[in-house]
Amino acid sequence: MADAEEAQVSEAQIAVHWREEEYYEPPASFVAQANAADPAIFERFSEERFPECFKEYADLLTWDAQWHTTLDTSKPPFWKWFVGGRLNACVNCVDRHLATSADKLALIWVPEPEDEVTKEISYQELYTRINEFAALLRDFCGVEVGDRVTFHLPMLPELPVSMLACARLGVIHSEVFGGFSGAACGERIADSESRILVTMDAYYRNGELIDHKAKADEALARARELGVEVDKVLVWRRHPGEYRSQSPMVDGRDFFVDELLEDHRDKTVEPVSMPAEAPLFLMYTSGTTGRPKGCQHSTGGYLAYVAGTSKYYQDIHPEDTYWCFADIGWITGHSYIVYGPLALGTTSVIYEGVPTYPDAGRPWRIAERLGANIFHTAPTTIRMLRKLGPDEPKKHDYRFKHMTTVGEPIEPDVWRWYHDVVGKGEAVIVDTWWQTENGGFLGSTLPALQPMKPGSCGPGVLGIYPVIYDEEGEVIEAGSGKAGNICIRNPWPGIFQTIWGQPERFVEIYYEKYCRDKQSTDWRDWPYFAGDGAVQAADGYFRILGRVDDVINVAGHRLGTKELESASITVEEIAEAAAVPVVDELRGRAVEMYVSLKPGLAPSPEIEQKVAKAIETEIGKIARPKNVWIVPDMPKTRSGKIMRRVIAGISNFTDVGDVSTLANPEIVDDIRHHVQSEKLARNEVPRELSPQEQEEIAAFGRDE
Amino acid sequence: MTLQYIAGELSLILGELEAAVPSRAARQVAGLRREAETAPFPALPGVAARALRLTDDACWASLTRGDAESFRREASISAELWSFSLCACLLDEPATAGGQVPGWADRPGL
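Residue numbers (my numbering), protein chains in the order written: chain H, 13 to 716; chain S, 405 to 514.
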């Protein structure tokens with residue numbers, strides 16, 4: 013199986029599946045009106061001016077008290093921004109606009125049913141509604157500063173109303189994506205120790221009214237299992253006066269918000285002046301089977317960062333109609349539907365439903381009707397709209413000046429459709445890279461000053477200094493063609509403060525890998541590990557390659573297990589595939605593939621060769637596996653997940669670890685006998701592994 | 405990258421599927437939904453593939469029973485799941501629900 017030839021293909025060809033693209037310049041009409049059109053801005057945010065450069069973002073806000081320390085690094089990596097400053101996020105998003113823009117639309121809510129009336133909510137009305145709900149939370153629910161309230165709400169105006177009401181009170185909100193299960197909601201309720209759940213009876217999705225309140229009962233049951241009892245469930249009603257859930261209201265626990273609000277009409281609540289470092293909200297990330305990770309975001313630093321990036325990277329002006337197509341249940345929605353745009357006093361559009369209901373022309377009809385001129389969505393949505401209605405945008409008379417793509421890498425041909433068809437060749441595109449943990453953009457072109465390049469997010473944004481490290485912590489230079497782990501060398505105001513209740517985990521996941529000196533209070537010794545792979549072109553633009561979890565490093569070449577496995581299953585006979593590393597004296601690590609066959613097929617050397625060939629063809633010679641093992645089944649958990657660490661242990665003749673949670677533990681000995689006896693026969697038994705190597709193999713494929 | 409929403413959308417579609425299929429299959433779907441909500445992102449293609457196979461089985465079972473309404477509902481969700489999984493690069497075209505585990509051959513840079 014082994015091929016002793018050196019790799020003929022560069023790492024760039026392995027890591028990057030398309031060539032460097034040409035540049036697209038921003039239209040002159042965009043540049044003429046852009047918020048950031050003067051190149052002097054780069055000097056203002058240069059590293060020499062760090063951290064004071066972020067005063068420019070903080071100055072966009074209204075402060076009750078000025079800060080005395082822009083960045084406190086005394087307890088790394090728990091950075092503190094604008095220390096001594098006090099403010100209220102709700103005041104910044106609503107109150108301060110009333111003097112000049114009370115009648116201006118803050119929110120435009122578009123219901124999914126196309127025949128239902130769009131709701132327009134002025135800043136004045138938003139102020140009224142927020143105050144009423146804040147009064148309800150304070151007086152009826154008894155919430156106090158620092159308490160946590162969990163929302164499990166869909167995309168309706170009640171969600172930003174609820175968020176800003178909490179912000180007004182100094183209460184920490186935690187929104188769970190409306191599409192998540194009750195169990196997921198319950199786990200987040202328990203982790204945050206919320207005593208109040210705010211939900212809705214139902215909402216529309218793909219033309220159907222979804223019973224949402226039913227999940228609240230599941231959530232409370234799950235929270236109870238985990239030791240947290242919810243006192244009150246506040247239920248907003250999708251259709252005023254009508255209850256559309258099959259789940260009965262529980263007396264004394266469940267309350268209709270519209271009924272309670274009768275006692276709080278026209279009440280105002282004095283906004284609580286909060287320290288800049290007070291937590292504003294929690295945003296839980298999925299992707300972990302252990303305790304949920306609640307990213308805790310600050311008030312002053314976060315709000316300054318999203319306001320600043322909204323101004324310069326989204327190019328939001330107060331007179332714009334801005335439409336971010338994300339869900340507020342994700343950080344994109346928190347930052348770029350609610351807090352960022354409203355802090356700038358613009359009009360923000362919220363759409364209830366799916367992009368393609370009732371057809372793929374829906375988004376463009378909405379854009380045309382509302383006069384939306386800034387658009388923001390994800391590549392998955394773009395691909396779907398392109399697939400289902402490639403010519404639909406041409407039928408509608410809207411004009412976007414600016415568009416954003418967010419959430420995942422976008423392939424150049426999709427980018428070009430977005431630019432040429434959706435943007436009509438006129439809109440700038442910012443391809444943004446960032447994460448829940450970051451609060452706002454980390455990588456993007458500055459739209460009026462930096463040309464676009466399809467498939468690349470561009471450089472680090474203002475005040476962000478990225479670097480790519482290899483596994484040993486050495487810098488990978490721009491233009492080298494090599495991929496590595498993208499890190500951010502410096503703190504920034506939008507960075508999350510910690511994982512709620514789990515500070516050790518925060519340090520372990522995000523800082524331990526490349527920290528140079530744990531005793532140091534110099535931020536330069538604490539680069540932030542983003543967990544994404546990336547390559548930097550000679551022009552300084554980054555191309556993000558996705559998560560670095562499950563990577564096998566063969567002779568310095570990073571091979572993703574997903575790529576190896578997906579190449580394997582292009583072979584017709586293969587049902588499942590799993591890639592694991594094996595210690596190799598020549599290359600450091602080599603790949604071994606474990607594959608199972610479709611029913612009715614018998615193992616054969618020909619199939620093994622086909623798999624090896626497929627990997628070589630798809631990825632490159634460097635990726636050719638040392639061995640392909642055909643097994644009757646993979647060791648799996650009860651939920652069907654393949655336990656790679658078990659087969660990695662078998663390949664390396666080390667301990668396979670705990671197999672008690674496997675659905676099919678008996679398969680382990682079968683595979684071990686087959687693989688290890690064959691390796692013995694081929695004289696391929698590896699030497700005894702060092703403790704570090706054993707740890708690496710034992711940890712392979714584990715969850716965070 | 406903020407890939408959370410792909411996990412979230414997958415969970416949402418699986419929630420619809422759970423409500424649409426008979427109880428035995430619903431328990432399996434619930435397990436897949438749990439996995440979508442908790443597993444690391446690289447596991448999602450496998451979740452999508454298994455969900456499609458499960459939906460395929462449910463559709464066939466409904467047809468066998470002559471239950472047109474269930475079949476219609478399950479097929480509709482299957483179509484949504486397939487379309488979403490393709491567009492989220494969880495599946496490669498032409499992926500089928502008939503047993504082939506999908507791959508990421510077209511996913512840029514991943």
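Note that the Cβ used here is the ideal one computed from N, Cα and C, for glycine as well.
Inset, instruction - Scan the region 604–630 of chain H and note each continuous alpha helix (DSSP H) run of 4 residues or more that stays entirely inside, going in chain order. - result: 617–630
Inset, instruction - Look at the alpha carbon of R141/H and the alpha carbon of I120/H, and state the distance between them as a whole number of angstroms. - result: Here residue 141/H refers to the residue found at position 129 of the first sequence. Here residue 120/H refers to the residue found at position 108 of the first sequence. The straight-line gap from Cα to Cα measures roughly 15 Å.
Inset, instruction - Kindly identify the DSSP beta-bridge partner or partners of P287/H. - result: Along the first sequence, read from residue 1 onward, the residue named residue 287/H stands at position 275. R98/H, per the DSSP bridge assignment.
Inset, instruction - Please confirm if S347/H has its CB atom under 8 Å from at least one CB of chain S. - result: By one-based count along the first sequence, residue 347/H stands at place 335. Cβ-Cβ to chain S under 8 Å: no for S347/H.
Inset, instruction - Kindly indicate which three-state DSSP category R599/H falls into: helix, strand or coil? - result: As a first step, residue 599/H is located in the first sequence; it is residue number 587 there, counting from the start. In this structure, R599/H counts as coil in the three-state DSSP scheme.
Legend entry - Contacting residues, own chain, Cβ-Cβ under 6 Å from A19/H (five flanking each side not counted): On the first sequence, residue 19/H is found 7 positions in, with the first residue counted as 1. For A19/H, the pLDDT reaches just 34, beneath the cut-off of 50, and the residue's location in the model is therefore unreliable, although a value from the coordinates is still provided. Result list for A19/H: K633 and I634, in chain order.
Legend entry - 7 Å Cβ cut-off: residues of chain S touching W535/H: In the first sequence, residue 535/H corresponds to position 523, counting from 1. Within chain S, no residue comes near W535/H; the closest Cβ sits about 24 Å away, beyond 7 Å.
Inset, instruction - Assign K622/H to buried or exposed, taking buried as 16 or more other Cβ atoms, counted over all protein chains shown, within 10 Å of its Cβ. - result: Here residue 622/H refers to the residue found at position 610 when the first sequence is read from its first residue. Label assigned to K622/H: buried.
Inset, instruction - Ignoring anything shorter than 4 residues or poking outside the region 41–115 of chain H, list the alpha helix (DSSP H) runs there in chain order. - result: 52–56, 67–70, 101–105 and 110–113
Legend entry - CB contact flag (M646/H, C491/S, <8 Å): Taking the first residue of the first sequence as position 1, residue 646/H is located at position 634. Taking the first residue of the second sequence as position 1, residue 491/S is located at position 87. Going by C-beta atoms, M646/H is not nearer than 8 Å to C491/S.
Inset, instruction - Kindly give me the distance between the Cβ atoms of R98/H and A77/H, rounded to whole angstroms, as I take these residues to be in contact under 8 Å. - result: Along the first sequence, one-based indexing puts residue 98/H at 86. Along the first sequence, one-based indexing puts residue 77/H at 65. So it is a contact: roughly 4 Å between Cβ atoms.
Inset, instruction - Output the distance between the C-alpha atoms of L414/S and A440/S, rounded to the nearest integer angstrom. - result: Within the second sequence, the letter at position 10 stands for residue 414/S. Within the second sequence, the letter at position 36 stands for residue 440/S. Straight-line Cα distance between these residues: approximately 7 Å.
Legend entry - Closer than 8 Å to chain S by CB, W342/H: One-based indexing of the first sequence puts residue 342/H at position 330. It does; some Cβ of chain S falls within 8 Å.
Inset, instruction - Label R694/H either buried or exposed according to how many other C-beta atoms from any shown protein chain fall within 10 Å of its C-beta, with 16 as the threshold for buried. - result: The sequence position of residue 694/H within the first sequence is 682, counting from 1. Exposed.
Inset, instruction - Tell me, please, whether the region 316–335 of chain H touches the region 218–225 of chain H by the rule of three or more beta-carbon pairs shorter than 8 Å. - result: no
Legend entry - C-alpha gap between K530/H and P283/H, whole angstroms: Residue 530/H sits at position 518 when you count from the first residue of the first sequence. Residue 283/H sits at position 271 when you count from the first residue of the first sequence. About 39 Å.
Inset, instruction - Rounded to whole angstroms, what's the CA-CA distance from K87/H to E516/H? Just pull it up for me. - result: In the first sequence, the residue the question calls residue 87/H occupies position 75. In the first sequence, the residue the question calls residue 516/H occupies position 504. Whole-angstrom Cα-Cα distance: 13 Å.
Legend entry - Neighbour flag for R437/S against chain H, beta carbons, 8 Å: To locate residue 437/S, count along the second sequence from 1; it is residue 33. So, interface residue.
Legend entry - Euclidean distance between Cα positions of G302/H and A447/S: Translated into the one-based positions of the first sequence, residue 302/H becomes position 290. Translated into the one-based positions of the second sequence, residue 447/S becomes position 43. Cα to Cα, G302/H sits roughly 16 Å from A447/S.
Inset, instruction - State yes or no: is the C-beta of A590/H within less than 8 Å of the C-beta of K638/H? - result: Mapped onto the first sequence, residue 590/H falls at position 578. Mapped onto the first sequence, residue 638/H falls at position 626. It is not a contact, given that the beta carbons lie outside the stated cut-off.
Legend entry - For S489/S, the nearest candidate out of I627/H, K399/H and G306/H (CA to CA): Taking the second sequence and counting its residues from 1, the one referred to as residue 489/S is at position 85. If we check each option's Cα against that of S489/S, K399/H comes out closest.
Inset, instruction - Tell me whether S193/H sits in a helix, a strand or coil according to DSSP, three-state version. - result: Here the question's residue 193/H lines up with position 181 in the first sequence. Looking at S193/H - three-state DSSP - the assignment turns out to be coil, as it is neither helix nor strand.
Legend entry - Contact with chain S by F712/H, beta-carbon distance below 8 Å: Numbered from its first residue, the first sequence carries residue 712/H at position 700. For F712/H, the answer is no, since every Cβ of chain S falls outside 8 Å of its Cβ.
Legend entry - Cβ of V21/H within 8 Å of any chain S Cβ: Against the first sequence, residue 21/H aligns to sequence position 9. With a pLDDT of 37 at V21/H, under the threshold of 50, the modelled position of this residue cannot be trusted, and the question is left open.
Legend entry - Selection from T81/H, S134/H, V350/H and P123/H that minimises the alpha carbon distance to A111/H: The residue labelled residue 111/H in the question sits at position 99 within the first sequence. Nearest C-alpha to A111/H: S134/H.
Inset, instruction - Whole angstroms is fine: what's the gap from S259/H's alpha carbon to L168/H's? - result: In the first sequence, counting from the first residue as 1, residue 259/H sits at position 247. In the first sequence, counting from the first residue as 1, residue 168/H sits at position 156. About 20 Å.
Legend entry - F665/H to R684/H span [Cα, whole Å]: Within the first sequence, the letter at position 653 stands for residue 665/H. Within the first sequence, the letter at position 672 stands for residue 684/H. Their Cα atoms are separated by approximately 9 Å.
Legend entry - Inter-residue CB distance, P421/H and Y36/H (contact presumed, cutoff 8 Å): Residue numbering aside, residue 421/H sits at position 409 when the first sequence is read from its first letter. Residue numbering aside, residue 36/H sits at position 24 when the first sequence is read from its first letter. About 17 Å; that fails the 8 Å criterion.
Legend entry - Three-state secondary structure assigned by DSSP to N143/H: Residue 143/H sits at position 131 when you count from the first residue of the first sequence. Helix.
Inset, instruction - Could you tell me which residues DSSP pairs with P446/S in its beta bridges? - result: The sequence position of residue 446/S within the second sequence is 42, counting from 1. DSSP lists no partner for P446/S.
Inset, instruction - Between the Cα of A355/H and those of C307/H, D403/H, E483/H and L176/H, spot the shortest distance and give me the residue it belongs to. - result: Translated into the one-based positions of the first sequence, residue 355/H becomes position 343. For the residues C307/H, D403/H, E483/H and L176/H, the minimum Cα distance to A355/H belongs to L176/H.
Legend entry - Buried or exposed by the 16-neighbour rule on C-beta atoms within 10 Å, applied to A40/H: The residue you call residue 40/H lines up with position 28 of the first sequence. Classification of A40/H: exposed, given that the 10 Å Cβ count is below 16.
Inset, instruction - Use the C-beta contact count for P703/H: other C-beta atoms within 10 angstroms, 16 or more gives buried, fewer gives exposed. - result: In the first sequence, the residue the question calls residue 703/H occupies position 691. Exposed, since its Cβ has fewer than 16 Cβ neighbours within 10 Å.
Inset, instruction - Can you pull the chain S residues whose beta carbon is under 8 Å from the beta carbon of K399/H, in chain order? - result: Here residue 399/H corresponds to residue number 387 of the first sequence, with the count starting at 1. By Cβ distance, chain S contributes S487, L490 and C491.
Inset, instruction - Enumerate in chain order the residues of its own chain whose CB-to-CB distance from G552/H is below 6 Å, with the five nearest sequence positions on each side excluded. - result: Here residue 552/H refers to the residue found at position 540 when the first sequence is read from its first residue. Taken in chain order, the residues that qualify are P471 and A490.
Inset, instruction - Whole angstroms is fine: what's the gap from W486/S's alpha carbon to L495/S's? - result: Within the second sequence, the letter at position 82 stands for residue 486/S. Within the second sequence, the letter at position 91 stands for residue 495/S. In a straight line, the C-alpha of W486/S is about 8 Å away from that of L495/S.
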